[in-house]
Each structure stands twice: as C-alpha cells, then as structure tokens.
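Asker: Residue numbers (the numbering used here): 149 to 322. Where a beta carbon is used, it is the ideal one built from N, C-alpha and C, also for glycine. Please read all numbers here as calculations on a predicted model, not as lab measurements. Please read through the structure below; I'll follow up with questions.
See the structure below:
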C-alpha cells in the first residue's frame with residue numbers, strides 16, 4: 149500500500165451515522181472530509197432508506213476506494229443492537245452498490261488502533277483524531293468515530309500488504 153488510498157469509515161447508527169474520509173498510504177493519513185448524518189423519520193424503513201441514500205451521496209462526492217465499518221456488538225439492549233445492525237446493513241449496501249470492498253472492525257479494535265487502548269473513552273478518540281489528522285476543529289463524536297474507523301482500516305490494509313495480516317483481526321464482507 150505505497151500509493152495513497154482514499155478510505156471512508158462509517159460509524160453506523162439508526163439516529164446518527166458518522167463518517168470520515170482520509171487518504172492514506174498506510175503510514176501517513178491525511179484528512180479529506182468528515183461529518184455525520186442526522187437520521188430523521190419515525191419508521192425504521194424510512195430511516196434505513198435515509199442512511200442508504202445519504203451514504204451513497206457521500207460516497208459519490210468523495211470517491212473512496214474502500215470502506216471500513218464498525219461491527220455491531222450486543223450490550224444489554226438487544227432491540228438497539230438489531231436496529232444498529234440494520235443501520236449498518238444499509239450503509240454496507242450503499243458501499244457495495246458503489247462497488248467498494250471493505251473491512252469491519254470491533255469497537256475495541258478501532259480504539260486500540262487509534263488510541264492504543266481498546267477501552268478508550270469517546271473523548272480520547274475525538275482528541276486523537278484531532279491530533280493525528282492535525283484537525284483545526286473538534287470533531288463531533290460520531291464524526292471522530294468515522295475517522296477512527298477509516299484509520300483502523302488503513303492500518304489493517306497496510307499490515308495485510310506487508311504480509312502479516314493473519315495476525316490481525318478484522319473481517320471483510322466482500
């Protein structure tokens with residue numbers, strides 16, 4: 149991975165979906181864009197359609213070559229995990245519709261990749277994204293998570309290119 153690759157990271161949510169776009173050669177990461185989509189609508193199908201449409205527009209605008217996304221984890225509320233999984237599926241569909249391959253990463257792996265601690269707090273992720281990407285603004289939490297996912301994916305791709313990927317966790321959907 150010696151050439152720069154444009155990567156989009158998606159932090160899916162049924163009410164707010166964050167994204168971050170970086171250019172990376174696996175060692176140096178450059179900020180391109182980030183933000184979040186505030187999901188409106190009362191019915192879940194309407195919200196899922198909005199996630200698909202908005203992520204499709206973002207992909208078309210920034211033209212990433214690959215995509216990283218956060219895996220769903222079940223905490224205490226199974227209903228929330230199911231909704232999050234459906235939001236994640238809508239974002240993955242937008243990526244595959246644009247012919248993007250990608251990887252999926254646990255929240256712990258993402259935090260470990262960018263903070264060095266898999267139990268890091270959201271504020272620590274936000275601060276590290278500001279520091280590592282030399283941002284002149286404080287990224288919103290979901291936006292910082294999107295950037296962190298993109299950076300985690302960049303690191304994973306670089307390690308894979310070096311031929312030591314069997315020691316790194318991270319799945320692929322395509």
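Based on Cα-Cα distance, which residue from 165, 169, 311, 152 lies nearest to residue 283?
Answerer: Position 135 of the chain shown holds residue 283. Closest by alpha carbon: 169.
Asker: By Cβ distance, which residues of its chain are closer than 8 Å to residue 239, with the 5 residues on each side in sequence left out?
Answerer: Numbered from its first residue, the chain shown carries residue 239 at position 91. 158, 160, 165, 199, 200, 203, 217.
Asker: Using CA atoms only, rank isn't needed, just tell me which of 266, 196, 212 is closest to residue 232.
Answerer: As a working note, residue 232 is residue 84 in the chain shown. Ranking the options by Cα distance to residue 232, first place goes to 196.
Asker: So the beta strand (DSSP E) residue 306 belongs to, where does it begin and stop?
Answerer: Locating residue 306 in the chain shown gives position 158, counting from the first residue. Counting along the chain, residue 306 falls outside any beta strand (DSSP E), though it belongs to the alpha helix (DSSP H) covering 289-309.
Asker: How is residue 163 classed by DSSP in three states: helix, strand or coil?
Answerer: By one-based count along the chain shown, residue 163 stands at place 15. Coil at residue 163, not helix or strand.
Asker: What do you get for residue 267, buried or exposed, if any count of 16 or more other CB atoms within 10 angstroms of its CB means buried?
Answerer: Against the chain shown, residue 267 aligns to sequence position 119. Burial call: exposed.
Asker: Is the beta carbon of residue 377 less than 7 Å from the beta carbon of residue 172?
Answerer: Residue 377 is absent from the structure shown; the chain starts at 149 and stops at 322.
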